[in-house]
Amino acid sequence: MPLQEKLAGRLSGKVAVITGAASGIGRATALLFSGEGASIIMADVDADAGKRVADEIIQSGGRAFFAASDVTSAADCGRVVEHAIRDFGRIDILFNNAGIIRRATVLDLAEADWDRVMAVNVKSIYLLSREVIPHMQKAGGGTIINTASGWGLTGGAKAAVYCASKGAVVLLTKAMAIDHGPQNIRVNCICPGDNDTGMLRDEAQQLGEDSGRFFAESAKRPLGRVGKPEEIAQAALYLAGDASSFVTGTALVVDGGGLAGSI
Amino acid sequence: MRLENKVALITGGTSGIGEAVAELFAREGAKVAITGRNESRGHAVTARILEAGGCAIFLRTDVRKAAECRRAVDETLRSFTRLDILFNNAGVFFPQTALECTEEEWDLQIDINLKGTFLMSKYALTPMIVQGSGVIINNSSGWGLVGGDKAVAYCASKGGVVLLTKAMAIDHGRQGIRVNCICPGDVDTPMLPEDARLRGLDWKTYLAGCENRPLGRIGTVDEIAKAVLFLASDDSSFMTGTALVVDGGGTAD
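Quick note, the sequences are listed as chains A and B, same order.
Residue numbers 204 to 466, in our numbering, belong to the letters of the first sequence in order.
Residue numbers 25 to 277, in our numbering, belong to the letters of the second sequence in order.
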C-alpha cells in the first residue's frame, strides 16, 4: 500500500495487540488493521504461522511484531505488553481473540479440557487486560474487543464448556465496560456465527462428521452461507476505530442471521 | 467513499439522526432521498447536501399512510433508478405511563415508529429483491431492549422494531437483503429537550440523568450516523437480524 493511502487509514498511528493472530479471524484482523495503518503486536502459540503473518505484513509495508506466547500465562501476557510498549510506545487497541473449542457434553468432558478452554477463552482476557488497561489509562483511553460467539448468547449442542466460556466473555465485556468507561476505555465483544476457519474444520473432526456436510449444515442461516474471517475483521475494525466512539459494553452479532430466530 | 453509486432512502430525514445520516451518506457518495412531514426543514437539508456537492431530494411523506410510503419508494426509483439502502428512522416519543397515554397517542407512536417501518419496508423490498441486493436499517432504541419509565407506547413500538427486524432478516436473507437495527441511547437530538420539557424536568437535572452511563456523556448524532453507515456498507456483509447497541454503555448493566 502506498504511504499516502496508509496515512489516510482508519487506524493510522494506532497500536493494536491481537491474540490468536496466527490464523483465522485473528490473522484476517491483523492484516486488515495493518492495511488501515495500525502497528500490530501479534500473540499466538503457533510460532511458525505467527511469524509468517508478521512477515506478510512487513513485506507489504506495515509494522508488525510476532510474540510467541501463551495468553493463559500471566508472565507471557506481561512480556507481550512490555514488548509492545518498548517497540511502539503505546497500546490503543487490544483484540482478545485467542480461543479454542471442545465439542462435548458435560458428561464427556474431561476436567482438564474444561480448565483449558476456560483458561484460553476467558482467563486470557483478564490476564492481558489488566496489563494493558494501565497503559490505556495513562494515554487517556483505548478500546478492547473480545471475541465471544453466538454461543455466548444462546446454547448449542455438545458445547458445554465453550458456551460457558463465551457467555462469560459477554458478561466480562459488560463488567469491564462499566468499570473503565469513565477512563474512556471502550470494551465490546463480537459474537461471530460459523466462519470458514480452522476451528470449524476442527469441530467437524471432534464430532466425527464429514466436513463438507458439517459446513453445509453451518450454512443454514438467513444469508445461506458461513462467514469469512475478513467479515469478522471488518466488525472488529468498526469497534476498534473512532466510528464506534459511543459504543461500549455491547455484543456485536456477526452471524449471517443465525440468531435472528428459527428459519 | 464507502457508498459510491448507492441510493438511500431515509425516513425522518429532516432533523436529528436522520439528518446526520443523510449528510454522512451523501458525503460517502450515496444519492439520498429523505422523507419527513416538515417541508421547509426537508428542503433546508437537501439544499445543504446539494451545496456540498452531493445529490439529494426531499419527499414529503407521512409513513403512517401506505399510499405515501409507496409514492416515496416510486419517486426515489424515478429519480435515481434504484434503491440500495432504506433507513427507517422516523419516530416520535411521548413520556407516558399506560394510565396517562391516550388511545390516540398510543396509535401515533405505534403507527409512526412500527407500522411505518413495516410499510416502507414492504414497498422498498420489491425493487431490492429484483436487484438481488439491499440493506434495511431500522432505528430502534435502547428502550427496545430494556424497559424505561413513562414510555409504554415507545418501548412497545421499539421492542416491536427489534423483532420485526429479525423476522424480516429471516424472510429476505436468501434474496440478498440484510436487515438490522440500531439501538441508540440518549443522543443530542431535539427529542431530548422535548422529553425533558414534557416530563417537567429542568434541562440540567435531566441531562445529568442521561449522562449517567459508563462513558459519562450523551451521544452525538454523528456517532449514530457512523453506526448506520457501518450497517449500510459492505463492511457488515455477514450481519443480518441483529441489534447494534450504540449507547455509551447505558444498557451494559
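Glycine included, each C-beta is placed from N, C-alpha and C at the ideal position.
- Query: Listing by chain order, which chain A residues have their CB less than 8 Å from the CB of R198 of chain B?
  - Reply: The contacting residues are P425, L426, G427.
Open item on the list: Give me the chain A residues within the contact set of S260 of chain B, using Cβ-Cβ distance strictly less than 9 Å, ordered along the chain.
Closed with: Those within 9 Å of S260 of chain B in chain A are E434, Q437, A438, Y441, V457.
**Q.** beta strand (DSSP E) segments (min. 3 residues) lying fully within the stretch 304–386 of chain A
**A.** Runs of the beta strand (DSSP E) inside the stretch 304–386 of chain A: 345–350.
Exercise for the section: Flag this pair as yes or no: are the beta carbons of I34 of chain B and G42 of chain B separated by less than 7 Å? Expected result: Result yes, Cβ atoms of I34 of chain B and G42 of chain B sit closer than 7 Å.
*asked:* For the beta strand (DSSP E) containing T244 of chain B, name the first residue and the last one.
replied: It is not in any beta strand (DSSP E) - T244 of chain B carries neither H nor E in the DSSP assignment.
Quiz item: Taking 7 Å as the CB-CB limit, is L239 of chain B close to chain A?
Solution: Taking Cβ atoms only, chain A reaches closer than 7 Å to L239 of chain B, which makes this a yes.
Problem set entry | Sequence-distant residues of the same chain with beta carbon closer than 6 Å to A96 of chain B, five excluded per side | These residues qualify, in order along the chain: T59, L83, T85.
Exposed unless 16 or more other CB atoms sit within 10 angstroms - verdict on N236 of chain B: For N236 of chain B, the number of other beta carbons within 10 angstroms of its own is below 16, and it is reported as exposed.
Tell me which same chain residues have a C-beta within less than 8 Å of the C-beta of V270 of chain B, skipping the five on either side of it?
The residues I206, C207, P208, G209, G243, E247, I248, A251, in chain order, have a CB closer than 8 Å to that of V270 of chain B in the same chain once the five nearest residues on each side in sequence are set aside.
Q.
I believe G36 of chain B touches N113 of chain B by the beta-carbon criterion, under 8 Å. Please report the beta-carbon distance rounded to the nearest angstrom.
A. The distance from the Cβ of G36 of chain B to that of N113 of chain B is about 4 Å, consistent with a contact at the 8 Å cut-off.
With DSSP run on the structure shown, which of helix, strand or coil describes C125 of chain B? For C125 of chain B, the three-state secondary structure derived from DSSP is coil.
| query | Quick one: any contact between the stretch 329–348 of chain A and the stretch 278–291 of chain A, if contact means 3 or more CB pairs under 8 Å? | reply | They touch, by the three-pair rule.
**Report entry** At least 3 beta-carbon pairs within less than 8 Å: the stretch 296–306 of chain A vs the stretch 229–236 of chain A
**Finding:** Touching, yes.
Per-residue contacts from G460 of chain A into chain B (C-beta, under 7 Å): In chain order: A193, I194, G197, T264, G265.
- request: Could you tell me if W227 of chain B is buried or exposed, where buried requires 16 or more neighbouring beta carbons within 10 angstroms of its beta carbon?
  value: If you draw a 10 Å sphere on the C-beta of W227 of chain B, you find fewer than 16 other C-beta atoms in it, and that means exposed.
task: Ignore the nearest five residues each way along the sequence and tell me which others in Q120 of chain B's own chain have a CB closer than 8 Å to its CB.
output: Counting only Cβ-Cβ distances below 8 Å, and skipping sequence neighbours, we find E129, K174, A175, V176, A177.
Open item on the list: Taking DSSP's pairing of strands, which residues face V176 of chain B in a bridge?
Closed with: Bridge partners of V176 of chain B: none, in fact.
Please report the distance separating the alpha-carbon of G156 of chain B from that of A422 of chain A. For the pair G156 of chain B and A422 of chain A, the Cα-to-Cα distance works out to about 19 Å.
task: With 7 Å as the threshold, decide whether the Cβ of T222 of chain A is near any Cβ in chain B.
output: Answer no: the Cβ-Cβ gap between T222 of chain A and chain B never drops below 7 Å.
| What does a CB cutoff of less than 6 Å around A219 of chain A pick up in its chain, not counting 5 residues either side in sequence? | Excluding the 5 residues flanking it on each side, A219 of chain A has same chain C-beta neighbours closer than 6 Å at F236, A241, I243, I296, in chain order.
query = Does the Cβ of G452 of chain A have 16 or more other Cβ atoms within 10 Å, making it buried, or fewer, making it exposed?
reply = Result: buried.
Checklist line | Of the residues B:A46, B:G66, B:L74, B:E52, the one placed nearest E28 of chain B, counting alpha carbons only | finding: Ranking the options by Cα distance to E28 of chain B, first place goes to B:E52.
*If we ignore side chains and look at the alpha-carbon of each, how far apart do K209 of chain A and K217 of chain A end up?*
Residue placement at K209 of chain A cannot be trusted, given a pLDDT of 45 that sits under 50; what the coordinates show is reported in the next sentence. K209 of chain A and K217 of chain A have their C-alpha atoms some 12 Å from each other.
Original post:
Which stretch, first to last residue, makes up the beta strand (DSSP E) that contains L33 of chain B?
Top reply: L33 of chain B: member of the beta strand (DSSP E) spanning 31–34, first to last residue.
Measure the beta-carbon distance from M379 of chain A to V372 of chain A and round it to whole angstroms, keeping in mind my assumption that it falls under 8 Å. Actually they do not touch by this definition, with Cβ atoms about 10 Å apart.
- Rounded to a whole number of angstroms, what is the C-alpha to C-alpha distance between R416 of chain A and L410 of chain A? Rounded to the nearest whole angstrom, the C-alpha separation of R416 of chain A and L410 of chain A is 12 Å.
| task | Check whether the Cβ atoms of V450 of chain A and I435 of chain A sit closer than 7 Å, and answer yes or no. | result | No, Cβ-Cβ distance for V450 of chain A and I435 of chain A is not below 7 Å.
Kindly list the residues whose CB is nearer than 6 Å to the CB of R26 of chain B, restricted to its own chain and excluding five residues on each side of it in sequence; keep chain order. Correct list, in chain order: E52, S257.
Check: Of all Cβ atoms in chain A, is any one closer than 7 Å to the Cβ of F142 of chain B?
Finding: False, the Cβ-Cβ gap to chain A never drops below 7 Å.
Helix, strand or coil for I435 of chain A per DSSP?
In the structure shown, I435 of chain A adopts helical secondary structure according to DSSP, grouped into three states.
Hey, C280 of chain A and L331 of chain A: beta-carbon distance below 7 Å or not? In contact: C280 of chain A and L331 of chain A (Cβ atoms closer than 7 Å).
Using a Cβ-Cβ distance under 7 Å, would V450 of chain A count as near chain B? It does: the Cβ of V450 of chain A has a partner Cβ on chain B nearer than 7 Å.
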